[in-house]
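**Student:** For the record, in the sequence shown the residue sitting at position 148 is 763 according to this note's numbering, with numbers rising by one throughout.
Glycine is no exception: its CB is placed at the ideal position from the N, C-alpha and C atoms.
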Amino acid sequence: MKHKIILDCDPGHDDAIAILLAAHHPEIDLLAITTVAGNQSVEKTTRNALKICTLANIRHVPIAMGMERPLVRPARHAADIHGESGLDGPHIPEPDIALSPMHGVDLLIQLLLASEGDITLVPTGPLTNIASAIKLEPAIVPKIKAISLMGGAIGVGNINESSEFNIWADPEAAAIVFNCGCPITMVPLEVTHQALATPEIVARLRAAQQPVATFAADLLVFFAETYHHVFGFEAPPVHDPCAVAAVIDPSIIQGKLMHVAIETVSELSAGRTVCDIYGTSGKPPQVRVGYALAVERFWEMVISTLLSYS
Ligand code: BDR
Ligand code: CA
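1) Is there contact between the segment 631-640 and the segment 821-837, where contact requires at least three CB pairs shorter than 8 Å?
2) So the candidates are Gln-869, His-874, Ala-850 and Glu-849; which of them puts its Cα closest to the Cα of Cys-857?
3) Measure the Cβ-Cβ separation of Cys-795 and Ala-761 and say whether it is below 8 Å.
4) Following the continuous alpha helix (DSSP H) through His-843, name the residue where it begins and the one where it ends.
5) Less than 6 Å between C-beta atoms, sequence neighbours within five positions excluded: which residues of the same chain meet that for Val-902?
6) So, do the segment 839-849 and the segment 888-906 have three or more beta carbon pairs nearer to each other than 8 Å?
7) Alpha carbon to alpha carbon, what distance is there between Phe-913 and Pro-641?
8) May I ask you to verify whether the segment 808-825 touches the segment 775-793, counting CB pairs closer than 8 Å and requiring at least 3?
9) Below 8 Å between beta carbons: does that hold for Pro-852 and Thr-807?
10) Between Ser-884 and Ser-763, which are expected to be in contact by the criterion C-beta below 8 Å, what is the C-beta distance as a whole number of angstroms?
11) Quick check: is any heavy atom of ligand 1 less than 7 Å from the C-beta of Phe-780?
12) Let me check understanding here. Comparing Cα to Cα, which of Ile-712, Lys-659, Gln-655 and Pro-708 lies closest to Glu-675?
13) Would you tell me roughly how many angstroms separate the C-alpha atoms of Gly-766 and Ala-907, rounded to the nearest one?
14) How about Cys-795: is its Cβ closer than 7 Å to a heavy atom in ligand 2?
15) Per DSSP, which one or two residues make a beta bridge with Val-902?
16) Nearest to Pro-626 by alpha carbon, out of Arg-688, Val-651, Ile-877 and His-618?
17) Assuming contact is defined by CB atoms lying nearer than 8 Å, are Ile-621 and Val-771 in contact in what I supplied?
18) So, Asp-722 versus Ala-679, is the Cβ gap smaller than 8 Å?
19) Using DSSP bridges, identify the partner residues of Val-889.
20) Specify the secondary structure class of Thr-735 as computed by DSSP and reduced to three states.
21) Is it right to say Ala-818 is buried, meaning 16 or more other beta carbons lie within 10 angstroms of its own, or is it exposed?
22) Would DSSP call Leu-908 helix, strand or coil?
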């Protein structure tokens, strides 16, 4: 049985790789792509989703635009990492796929309510759409099979010392999602910083001389430059496909069940995922928090899927 998923994303270079993985992996049935403001404005992330799917000829998946700003805070984007377009670097042809007429949040609600409780949500951006859907229609919660999200950090953040970008961008939404009662896998920076797109990985993609693999390689080259410039990394961490990979093969990520609280009050650490590793809070564990990635298996999965677009 294929895993039915909805990818809720803010493309974004690594979101792009997540879309390409989810749309063509034989064990995934990608029901929809919903977009959210995050790496760039929702207009830009939506346009990027349409462009990626046009380039890769992904025409069977509805793409619906979601929330344009976080629940209570102003929108803040990541142009230093993803550029002004949200997907700077390679030249990408204009999209020729029609956007769904539905709002992303409505599409999430519609698909979940109509389901048999067999849909996994894979958010790879701020959690605004998922939280909005839960607020608007709480009856979706028991219909969500699981949530596999890229976000958070056990330790050091990336937008600041405390917080990871996706959770920091909309902490109030994250608090709703993390406390909704669904089974949650959190794929934090500790995992995604192991998914490094080294020059060898990029070379393997280029060697195929195929348009989709070449596009991915070009994206990763731009991503490598900004990650080097901003963080001094030698190779960029390809965060978002890790959350898709965790659905396809949960054993690709080692994790531990623990209570995770979202900091929403502090100015210094808003968006921090407070991970109760030792159970000291006494609060019931509700999140499987990843801490290690089977790196070789991950790249085999990603590269073989990207090459399957030929
Ligand atoms: C996350 O932030 C975004 O910039 C990436 O797309 C990823 O989802 C990493 O912190
Ligand atoms: Ca993202």
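**Tutor:** Looking at the atomic coordinates:
1) yes
2) Gln-869
3) no
4) 826-846
5) Ile-799, Met-801 and Val-875
6) no
7) 15 Å
8) no
9) yes
10) Wrong, their Cβ atoms sit about 25 Å apart, outside the cutoff.
11) yes
12) Contrary to the premise, residue 675 reads as His rather than Glu in this sequence. The candidate whose alpha carbon is nearest that of His-675 is Ile-712.
13) 14 Å
14) no
15) Ile-799 and Met-873
16) Val-651
17) no
18) Reading off the sequence, residue 722 comes out as Leu, not Asp. Result yes, Cβ atoms of Leu-722 and Ala-679 sit closer than 8 Å.
19) Ala-876
20) strand
21) exposed
22) strand
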